[in-house]
Amino acid sequence: MLCELEEPWTQFLEFAQQKCSSAEFQNWLAPIKLLSFDEKEVTLEVPNIFVREYFLDNFKEVLTNFIPSDSNGESSIQFVIAEPEKKKAPTPLPSTPTTAKQQTNPYLIALNQQYTFENYIEGPSNQFVKSAAFGVASRPGKSYNPLFIHGGVGLGKTHLLHGIGHFIKGHKKKCRVHCITTEAFINDLVDHLKNKSVDRMKRFYRNLDILLVDDIQFLQSRLNFEEEFCNTFEALINSNKQIVITSDKPPSQLKLSERMIARMEWGLVAHVGMPDLETRVAIIQHKARQKNLELSYDIAFYIAERIHNNVRQLEGAINRLSAFSRLMDAELNEDMVRSILSELFQPPSQKKLSVDSILKSVASVFEVRVSDLKGDSRLKEIALARQVAMYLSKEMISDSLMKLASSFGGKTHSTLLHAWKKISKELQSNEILQRQIEITKRNLEA
Ligand code: ADP
Ligand code: MG
18 MLCELEEPWT QFLEFAQQKC SSAEFQNWLA PIKLLSFDEK EVTLEVPNIF
68 VREYFLDNFK EVLTNFIPSD SNGESSIQFV IAEPEKKKAP TPLPSTPTTA
118 KQQTNPYLIA LNQQYTFENY IEGPSNQFVK SAAFGVASRP GKSYNPLFIH
168 GGVGLGKTHL LHGIGHFIKG HKKKCRVHCI TTEAFINDLV DHLKNKSVDR
218 MKRFYRNLDI LLVDDIQFLQ SRLNFEEEFC NTFEALINSN KQIVITSDKP
268 PSQLKLSERM IARMEWGLVA HVGMPDLETR VAIIQHKARQ KNLELSYDIA
318 FYIAERIHNN VRQLEGAINR LSAFSRLMDA ELNEDMVRSI LSELFQPPSQ
368 KKLSVDSILK SVASVFEVRV SDLKGDSRLK EIALARQVAM YLSKEMISDS
418 LMKLASSFGG KTHSTLLHAW KKISKELQSN EILQRQIEIT KRNLEA
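For my numbering, count along the sequence shown from 1 and bump the result up by 17.
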């Protein structure tokens with residue numbers, strides 16, 4: 018029966034295939050199965066709600082052109098969410114709190130008490146990711162799922178992850194939150210494999226409400242574990258449980274299976290960057306206050322100018338100063354700070370790098386004029402090149418946004434931030450742009 022009726026569906030798929038990229042087709046349309054098809058109703062099986070949403074947003078109208086409509090000119094599309102792969106008898110939820118306790122996982126990571134949202138200082142490089150984290154913590158499973166946070170070492174990814182954990186524990190006491198590093202997940206799995214108790218582990222993970230996974234890059238080249246992780250991941254997402262993942266790279270740059278990468282891109286991918294000078298000053302002041310260390314604005318600024326690789330190093334500097342000032346019982350001045358911290362100070366980053374050199378490099382790669390980049394033309398090619406130059410300035414030069422923006426013919430810092438966000442997002446999927454930016458950067462380093 019289905020065979021005959023399948024024809025319009027096959028035609029639809031052929032049509033859709035021409036309308037989207039092959040990756041898009043593989044990720045979103047190929048996994049959909051036709052269950053039934055008649056004049057009144059089409060029933061589709063989808064692996065999860067994201068595929069359903071994607072389909073409704075992008076292909077609902079198209080499909081209706083391929084199926085006969087009823088007398089009202091309407092046709093209805095029903096969705097069934099597929100059961101997770103290996104179908105097991107449903108495991109009852111732990112009925113009493115004691116059962117839940119028995120399932121306590123030895124690899125559970127205690128949340129660092131300091132890593133709260135209150136202690137997280139915001140600035141242009143992390144505002145977006147911070148509000149995404151806050152959104153997820155306020156409405157777990159209902160906003161972005163998964164939330165994927167990526168960025169370099171010591172920039173606050175773990176801090177945000179634990180921040181989500183603290184917030185949920187404080188506001189939704191019944192939620193089962195589990196925070197784990199990827200290494201710990203693998204070790205947990207190895208233990209359960211040895212003890213032939215993998216089912217118990219699955220039950221534990223699948224009964225969680227929120228899974229926070231730190232440093233997913235360690236899943237790379239761990240093929241067997243990747244599959245199990247992916248299954249857990251899908252099981253949770255399909256039942257609207259929240260997942261948050263951190264990584265040192267965006268999903269597309271991780272050496273993981275396409276399936277895993279696609280899953281991680283389902284929700285929101287957010288980047289955390291190095292805080293700009295002003296935010297670094299605020300972080301130093303905040304950390305100093307926490308340690309009861311008196312530090313003038315000028316000294317905080319002096320340190321922030323000289324430590325610009327990551328926040329962990331800023332923290333190291335404060336710890337050192339705090340120990341010193343306790344020992345010496347002396348008020349800190351600039352000379353003392355210089356001698357205590359001299360080995361931590363880094364040479365000014367990219368000494369010669371200026372907005373002007375970025376403008377020149379972008380202009381040559383994107384074949385536009387420098388004056389266009391500073392101007393107001395909205396011509397597509399020029400606007401894109403200008404946004405790339407803004408993006409690179411923010412990424413590569415640690416001046417305030419205001420100062421950077423003023424080098425673009427007096428634009429505002431919010432224009433620059435908007436450009437940075439847009440290009441960051443675009444870079445996740447646009448390979449040509451990735452290549453162009455790589456070339457621009459290489460020219461700058463030459
Ligand atoms: P990552 O996981 O990205 O390597 P962490 O989350 O471990 O980095 O952060 C390193 C240290 O820097 C932590 O002590 C954290 O509290 C601090 N830190 C990072 N970003 C911020 C921020 N925006 N505000 C306050 N502290 C921060
Ligand atoms: Mg970390």
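We treat Cβ as the ideally placed atom computed from N, Cα and C, and that holds for glycine.
If you're wondering where the values come from, they're calculated on a predicted model, not measured in any experiment.
Taking 6 Å as the cut-off, is the C-beta of residue i nearer than that to any heavy atom in the ligand MG?
{"i": "T432", "result": "no"}
What residue range does the alpha helix (DSSP H) around residue i cover?
{"i": "S410", "result": "K397 to M413"}
{"i": "K2", "result": "Summary: the structure shown does not reach residue 2, with the chain confined to residues 18 through 463, and so no result is reported for it."}
{"i": "L434", "result": "H430 to L444"}
{"i": "A149", "result": "Q144 to S155"}
{"i": "T81", "result": "K77 to T81"}
{"i": "S388", "result": "V387 to K391"}
{"i": "D373", "result": "V372 to F383"}
{"i": "L418", "result": "L418 to S423"}
How is the beta strand (DSSP E) around residue i delimited, first residue to last?
{"i": "M360", "result": "It is worth fixing the name first, because residue 360 is Glu in this sequence and not Met. First-last for E360: undefined, no H or E at that position."}
{"i": "V170", "result": "First-last for V170: undefined, no H or E at that position."}
{"i": "H16", "result": "Summary: the structure shown does not reach residue 16, with the chain confined to residues 18 through 463, and so no result is reported for it."}
{"i": "V63", "result": "E58 to V63"}
{"i": "I98", "result": "S93 to I98"}
{"i": "S53", "result": "K50 to F54"}
Any heavy atom of the ligand ADP closer than 6 Å to the beta-carbon of residue i?
{"i": "T175", "result": "yes"}
{"i": "L294", "result": "no"}
{"i": "R337", "result": "no"}
{"i": "E332", "result": "yes"}
{"i": "R329", "result": "yes"}
{"i": "G171", "result": "yes"}
{"i": "I300", "result": "yes"}
{"i": "Y161", "result": "no"}
{"i": "I166", "result": "no"}
{"i": "I138", "result": "yes"}
Would you report the Cα separation of residue i and residue j, rounded to the nearest angstrom?
{"i": "G140", "j": "K189", "result": "28 Å"}
{"i": "K186", "j": "I233", "result": "23 Å"}
{"i": "G168", "j": "I84", "result": "46 Å"}
{"i": "K428", "j": "I254", "result": "42 Å"}
{"i": "E31", "j": "G284", "result": "27 Å"}
{"i": "Q95", "j": "A252", "result": "21 Å"}
{"i": "A287", "j": "Q144", "result": "10 Å"}
{"i": "R469", "j": "T249", "result": "There is no way to answer for residue 469, as the model of the chain reaches only from 18 to 463."}
{"i": "L331", "j": "L80", "result": "55 Å"}
{"i": "N136", "j": "L312", "result": "18 Å"}
{"i": "Q34", "j": "K439", "result": "27 Å"}
{"i": "G333", "j": "H195", "result": "29 Å"}
{"i": "L310", "j": "R220", "result": "48 Å"}
{"i": "R239", "j": "S415", "result": "37 Å"}
{"i": "L153", "j": "E282", "result": "Note on residue identity: the sequence assigns Val, not Leu, to residue 153. Rounded to the nearest angstrom, the two C-alpha atoms are 16 Å apart."}
{"i": "S274", "j": "L294", "result": "38 Å"}
{"i": "F383", "j": "L444", "result": "16 Å"}
{"i": "D226", "j": "R156", "result": "12 Å"}
{"i": "K104", "j": "E245", "result": "Confidence at K104 is low in this model, with a pLDDT of 37, below 50, so its placement is unreliable and the value that follows should be read with caution. Computed Cα separation, rounded: 14 Å."}
{"i": "I166", "j": "K458", "result": "24 Å"}
{"i": "K77", "j": "L164", "result": "26 Å"}
{"i": "R386", "j": "L418", "result": "23 Å"}
{"i": "G180", "j": "K411", "result": "26 Å"}
{"i": "I449", "j": "S381", "result": "16 Å"}
Which same chain residues, not among the five before or five after residue i, have their C-beta less than 8 Å away from its C-beta?
{"i": "I316", "result": "L349, N350, E351 and V354"}
{"i": "S441", "result": "H288 and Y408"}
{"i": "V59", "result": "W26, L51, S53, L80, I84, S92, S93, I94 and Q95"}
{"i": "S446", "result": "S269"}
{"i": "V298", "result": "Y314, A317, F318 and A321"}
{"i": "E71", "result": "First, the residue type needs correcting, since residue 71 is Tyr and not Glu in the sequence shown. Closer than 8 Å at Cβ, skipping near neighbours: W45."}
{"i": "N327", "result": "G169, V170, G171, L172 and M291"}
{"i": "H430", "result": "P141, S417, L418, M419, L421 and A422"}
Using C-beta distances below 6 Å, list every residue in its chain close to residue i, excluding the 5 sequence neighbours before and after it, in chain order.
{"i": "I49", "result": "L61 and V63"}
{"i": "R403", "result": "L390"}
{"i": "H183", "result": "L128 and T133"}
{"i": "S424", "result": "V372"}
{"i": "D231", "result": "T175, L178, T198 and T263"}
{"i": "K420", "result": "none"}
{"i": "F42", "result": "Q34"}
{"i": "D205", "result": "Y124"}
Apart from the five residues on each side of it in sequence, which residues of its chain come closer than 7 Å, Cβ to Cβ, to residue i?
{"i": "L461", "result": "L370, S374, I375 and S378"}
{"i": "S342", "result": "L310 and L349"}
{"i": "I300", "result": "I138, P292, V328 and L331"}
In chain order, which alpha helix (DSSP H) runs of at least 4 residues are fully inside the region 195–277?
199–211, 215–223 and 240–255
Going residue by residue through the region 295–332, where are the continuous alpha helix (DSSP H) segments of at least 4 residues, counting only ones entirely within it?
314–323
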